[in-house]
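For the sequence shown, counting from 1, position 80 maps to 79 in numbering that gives the first Met the number 0; every step adds exactly one. Every residue gets a Cβ at the ideal spot worked out from N, C-alpha and C, and that includes glycine. The next block holds one structure in the form of structure tokens; read it before the comments.
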Amino acid sequence: MLTNAQRLWLERNTRRADFLWKWGLGILAVGFVVGIAVDASFTGWMEPPERQNLFAPDSEEPEEPQTPPDDPHYQDRVKHWEKIEQHAGRGEWGSVFLAIPKSMLQGWGNVGTTGLAILTGLCWMMFLLQTVQPADDRTFRLLSCIVGLLLGVVSIWFTLFLILYQEIGWGLAESDEFIPGLRFFVLGVGFREEVSKFICFLPLLPWIVRRRDELAALIVAGCVGLGFAMEENVGYIYRSAGSGTLGRLLTPAPIHIALTGLIGLAAYRACRWPKEWGPQFVVVFLGAILMHGAYDALIVLPDLKDYSIGAFILFFLLQWHFFRELRELRIVRRETISLSANFITCVALVAAATFVYMSAATGWSGALDIMFMSVLGQAMMVYLFLREMPESLVTV
């Protein structure tokens, strides 16, 4: 337990801008030093890739992992997915659905990358648990957030099923051409991810509506998005051996938290006030699908290459909307450790841990190249948070 003096020190200093900047930069500095030390101690196992975009394109396609072909784990996973594809080709969709969880579990075989994805999830969960102010209703809000996180992991199950169903049943395939490519990212990636996450949020929605808890609707739905992002990162990192997707480890969590959180809040309001919010829920849900597909398309499609800055703008608008809603719903109260300190710690720890692992994999210089744009996105998100939240430390 903290003494009164320690509690007062935390209350005072975690609300000082100069202390928080030093704290966050200190965590990053420790990560940088440890990364250099790790680089000197380990032989990297991958070539330094090119600098990554702020957003790597979303695609849960179960590509063959870039693991040595003689790795038994690699062979087992490839063979298992080939069986799933065979079931899908024969239209045996029940067998496809039941076989997917084993494929998901096989992606958790790499201790290093799996641990990094879990650390990311835990850091963001620490922020969300304080955000939801569990002291107001400790049991319900805490349990709902934890269950939401687990349901978010399960939502990848539905997403992988929809990938195969859309590919075989709809003939929906990725394309570099403008119209087919846009159709793939909006009706494919955006649709299946947002639908899967919303389906997994639905079991919790009646309990939230019954308790008349708008804040829980936003944050518990956000936890579903976090669980999705955590499991998605495990798959991404495993399939790329860490080379092409580690840079994106910093961005999916805030994106999915915001997208799913805003959809969940709109669904709650539609249940409470159907006439006023029913049509708005439809707009929010379809808008999330469109936004999700649009920022992928802006990065990937050759015809939109000159407009890729649009992905950065969409990220900015999404985070701004989420933090604005959060500010309106939270009760202003004095907490021992400020929410701003929690948020900055979360972002800095994730960035530092990612840098350390990437330094071991590709050297500290390559790690900086991979993370450059993602860190820029995180800095922008920190600015938005500190500007929009209560006890704001930014006024411009």
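How about residue i and residue j: do their beta carbons lie closer than 7 Å?
{"i": "Phe184", "j": "Asp295", "result": "yes"}
{"i": "Gly114", "j": "Phe354", "result": "no"}
{"i": "Leu148", "j": "Cys222", "result": "yes"}
{"i": "Thr130", "j": "Val349", "result": "no"}
{"i": "Leu127", "j": "Ile218", "result": "yes"}
{"i": "Val37", "j": "Ser358", "result": "yes"}
{"i": "Ala257", "j": "Phe190", "result": "no"}
{"i": "Gly23", "j": "Ala347", "result": "yes"}
{"i": "Glu231", "j": "Val152", "result": "no"}
{"i": "Leu297", "j": "Ala310", "result": "yes"}
{"i": "Leu159", "j": "Gln165", "result": "no"}
{"i": "Ala228", "j": "Gly260", "result": "no"}
{"i": "Phe139", "j": "Asp302", "result": "no"}
{"i": "Met290", "j": "Leu325", "result": "no"}
{"i": "Phe284", "j": "Ile262", "result": "yes"}
{"i": "Val233", "j": "Ala116", "result": "yes"}
{"i": "His86", "j": "Ser102", "result": "no"}
{"i": "Ala351", "j": "Gly25", "result": "no"}
{"i": "Trp319", "j": "Leu385", "result": "no"}
Evaluate residue i with the Cβ neighbour count: other Cβ atoms within 10 Å of its Cβ, from every protein chain shown; 16 or more gives buried, anything less gives exposed.
{"i": "Arg323", "result": "exposed"}
{"i": "Thr335", "result": "exposed"}
{"i": "Asn3", "result": "exposed"}
{"i": "Arg333", "result": "exposed"}
{"i": "Pro251", "result": "buried"}
{"i": "Phe157", "result": "buried"}
{"i": "Trp363", "result": "buried"}
{"i": "Thr401", "result": "Residue 401 cannot be examined here, being either before or after the span of the chain that is shown, 0 to 395."}
{"i": "Arg268", "result": "buried"}
{"i": "Asp212", "result": "buried"}
{"i": "Phe371", "result": "exposed"}
{"i": "Ser40", "result": "exposed"}
{"i": "Gly88", "result": "exposed"}
{"i": "Gly241", "result": "With a pLDDT of only 45 at Gly241, under 50, the local geometry of the prediction cannot be trusted, and no value is derived from it."}
{"i": "Arg76", "result": "buried"}
{"i": "Gln132", "result": "buried"}
{"i": "Leu201", "result": "exposed"}
{"i": "Leu163", "result": "buried"}
{"i": "Leu19", "result": "buried"}
{"i": "Gly168", "result": "exposed"}
{"i": "Gln377", "result": "buried"}
{"i": "Glu397", "result": "For the chain, the structure presents residues 0 to 395; residue 397 sits outside this window and is missing."}
{"i": "Ala28", "result": "exposed"}
{"i": "Met0", "result": "exposed"}
{"i": "Ala16", "result": "exposed"}
{"i": "Thr244", "result": "With a pLDDT of 48 at Thr244, under the threshold of 50, the modelled position of that residue is not reliable, and the figure given next carries that caveat. Buried, since its Cβ has 16 or more Cβ neighbours within 10 Å."}
{"i": "Val32", "result": "exposed"}
{"i": "Leu317", "result": "buried"}
{"i": "Val188", "result": "buried"}
{"i": "Ile330", "result": "exposed"}
{"i": "Cys345", "result": "buried"}
{"i": "Trp365", "result": "It is Gly, not Trp, that sits at residue 365 in the sequence shown. With 16 or more other Cβ atoms within 10 Å, it is buried."}
{"i": "Trp276", "result": "buried"}
{"i": "Glu81", "result": "exposed"}
{"i": "Pro278", "result": "exposed"}
{"i": "Val282", "result": "exposed"}
What whole-angstrom Cβ distance do residue i and residue j have, given they're in contact under 8 Å?
{"i": "Ala215", "j": "Ser143", "result": "6 Å"}
{"i": "Leu249", "j": "Val95", "result": "Between Val95 and Leu249 the Cβ distance is about 32 Å, and since that is not below 8 Å, they are no contact."}
{"i": "Gly90", "j": "Tyr356", "result": "That belief does not hold up - the Cβ atoms of Gly90 and Tyr356 are roughly 41 Å apart, past 8 Å."}
{"i": "Phe280", "j": "Ala293", "result": "At roughly 20 Å, the Cβ-Cβ gap does not stay under 8 Å, so Phe280 and Ala293 are not in contact."}
{"i": "Trp123", "j": "Leu204", "result": "Not quite, the Cβ-Cβ distance comes to about 22 Å (not below 8 Å), so this is no contact."}
{"i": "Ile161", "j": "Ser195", "result": "Contrary to the premise, residue 161 reads as Leu rather than Ile in this sequence. Right, their Cβ atoms sit about 7 Å apart."}
Checklist entry - Are the stretch 330 to 348 and the stretch 98 to 116 touching, with three or more C-beta to C-beta distances below 8 Å? => result Too few Cβ pairs lie closer than 8 Å, so no.
Item to check | Inter-stretch contact at 8 Å, needing at least 3 Cβ pairs: the stretch 176 to 183 / the stretch 269 to 279 | outcome: Judged by Cβ distances under 8 Å, the stretch 176 to 183 makes no contact with the stretch 269 to 279, as fewer than three pairs qualify.
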